């Protein structure tokens with residue numbers, strides 16, 4: 088696999104922050120190179136992951152100090168995202184690594200989650216500190232479907248991928264998506280109900296999107312792609328909650344998996360999802376289906 092490349096679009100214009108981001112990407116690449124590609128001993132991987140965690144926590148503290156120094160108005164929301172990574176995501180990744188004795192899948196998960204989180208966080212949140220991205224959430228009228236779609240989905244995805252993503256209207260089974268992949272995520276809300284999202288996306292578009300995040304070429308779907316997708320989805324969910332004045336931690340991922348075509352069809356047999364949305368990127372389409380599930384689901 089090629090190197091995970093630092094991309095100029097990740098720069099926010101503050102050298103101490105940009106230098107830390109480049110270092111974090113380099114550490115993840117080293118872990119991938121040593122353990123996933125060359126299958127070196129576990130000790131090298133353990134030390135690399137310890138180093139990533141220590142450096143990430145140091146970077147969060149420095150970045151938070153900079154935001155306080157300049158009086159950044161989005162400080163508290165931004166800090167809560169750091170806190171979740173610090174207190175929940177990184178410890179969960181560590182537990183999975185040790186429980187599996189540092190299996191290749193667990194290391195790929197670590198790489199995918201960390202790189203997916205870094206990419207989304209830098210493009211959406213960190214660049215907003217210096218005005219390179221919009222730190223303000225776009226106005227959303229909950230009664231206006233187009234306003235919700237623009238604020239919750241289109242606006243952050245356009246910033247994250249620098250792509251002209253368009254909403255084309257309702258998605259139906261008659262809309263062809265070649266080489267479709269079906270990715271299901273189920274989130275649990277603090278009130279007890281659950282939300283199910285099913286992303287339907289052609290494999291070439293999926294791999295191009297993942298490749299843009301990592302700066303490398305993917306030729307097949309793997310665990311790194313999956314967990315990077317998971318972190319993009321979590322970023323969108325958190326921003327959606329904040330857009331409606333809710334805490335970013337309102338929704339927590341409970342389960343995610345890639346579905347076969349028949350499994351996806353069974354989900355909606357006898358009833359369609361509450362929302363079926365079709366989007367386009369150039370000549371490619373993707374769809375998002377959203378359902379609220381009963382508490383017992």
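Numbering (my numbering), first residue to last: 88 to 384.
All C-beta atoms in this analysis are idealised placements derived from N, C-alpha and C, irrespective of residue type, glycine included.
Since this is a predicted model, take the numbers as computed values, not measurements.
In angstroms with no decimal places, state the Cα-to-Cα distance between residue 88 and residue 381. In the chain shown, counting from the first residue as 1, residue 88 sits at position 1. In the chain shown, counting from the first residue as 1, residue 381 sits at position 294. With a pLDDT of only 48 at residue 88, under the threshold of 50, the placement of this residue in the model should not be trusted; the figure read from the coordinates follows. Rounded to the nearest angstrom, the two C-alpha atoms are 42 angstroms apart.
From the DSSP output, in three-state form, read off residue 261 for me. For the purposes of this step, residue 261 is taken as the residue at position 174 of the chain shown. Looking at residue 261 - three-state DSSP - the assignment turns out to be coil, as it is neither helix nor strand.
First and last residue of the alpha helix (DSSP H) that includes residue 150? In the chain shown, counting from the first residue as 1, residue 150 sits at position 63. From DSSP, the alpha helix (DSSP H) with residue 150 extends over 129-157.
Using the rule of at least 16 other Cβ atoms within 10 Å of the residue's Cβ for burial, across every protein chain shown, is residue 202 buried or exposed? For the purposes of this step, residue 202 is identified with residue 115 of the chain shown, where counting begins at 1. So residue 202 counts as buried.
How far does the beta strand (DSSP E) with residue 268 in it reach, from first residue to last? Taking the first residue of the chain shown as position 1, residue 268 is located at position 181. 267-276 is the extent of the beta strand (DSSP E) around residue 268.
CA-CA distance, residue 348 and residue 269? On the chain shown, residue 348 is found 261 positions in, with the first residue counted as 1. On the chain shown, residue 269 is found 182 positions in, with the first residue counted as 1. Between residue 348 and residue 269, the C-alpha separation is close to 7 angstroms.
Could you give the uninterrupted runs of the alpha helix (DSSP H) lying entirely in the region 188-222, keeping only those of 4 residues or more? 191-207
Quick check: the region 363-370 against the region 267-282, are there 3 or more CB pairs under 8 angstroms? no
What do you reckon, are the CB atoms on residue 135 and residue 310 nearer than 8 angstroms? The residue labelled residue 135 in the question sits at position 48 within the chain shown. The residue labelled residue 310 in the question sits at position 223 within the chain shown. No, the Cβ-Cβ distance between residue 135 and residue 310 is not below 8 angstroms.
Coarse secondary structure for residue 298, derived from DSSP in three states: Along the chain shown, read from residue 1 onward, the residue named residue 298 stands at position 211. In this structure, residue 298 counts as helix in the three-state DSSP scheme.
Where residue 341 falls: helix, strand or coil (DSSP): On the chain shown, residue 341 is found 254 positions in, with the first residue counted as 1. Here residue 341 sits in strand by DSSP.
What are the boundary residues of the beta strand (DSSP E) that residue 372 is part of? As a working mapping, residue 372 is identified with position 285 in the chain shown. Where residue 372 is concerned, the enclosing beta strand (DSSP E) stretches over 371-380.
So, residue 107 versus residue 149, is the Cβ gap smaller than 8 angstroms? The count along the chain shown starts at 1 and reaches residue 107 at position 20. The count along the chain shown starts at 1 and reaches residue 149 at position 62. Yes, these two residues count as a Cβ contact at 8 angstroms.
Length of the line joining the Cα atoms of residue 179 and residue 217: If you number the chain shown from 1, residue 179 lands on position 92. If you number the chain shown from 1, residue 217 lands on position 130. Cα to Cα, residue 179 sits roughly 31 angstroms from residue 217.
Who are residue 368's beta bridge partners in DSSP? Looking up residue 368 in the chain shown gives position 281. Answer by DSSP bridge pairing, in chain order: 252 and 371.
Going by DSSP, what residue range makes up the beta strand (DSSP E) through residue 109? Walking along the chain shown from the start, residue 109 turns up at place 22. Note, residue 109: premise wrong, no beta strand (DSSP E); alpha helix (DSSP H) at 102-118.
Flag this pair as yes or no: are the beta carbons of residue 294 and residue 343 separated by less than 8 angstroms? To locate residue 294, count along the chain shown from 1; it is residue 207. To locate residue 343, count along the chain shown from 1; it is residue 256. No, these two residues do not count as a Cβ contact at 8 angstroms.
Given a threshold of 16 other Cβ atoms within 10 Å of its Cβ, counted over all protein chains shown, does residue 158 qualify as buried or as exposed? Here residue 158 refers to the residue found at position 71 when the chain shown is read from its first residue. Looking at its Cβ environment, which holds fewer than 16 other Cβ atoms inside 10 Å, residue 158 is exposed.
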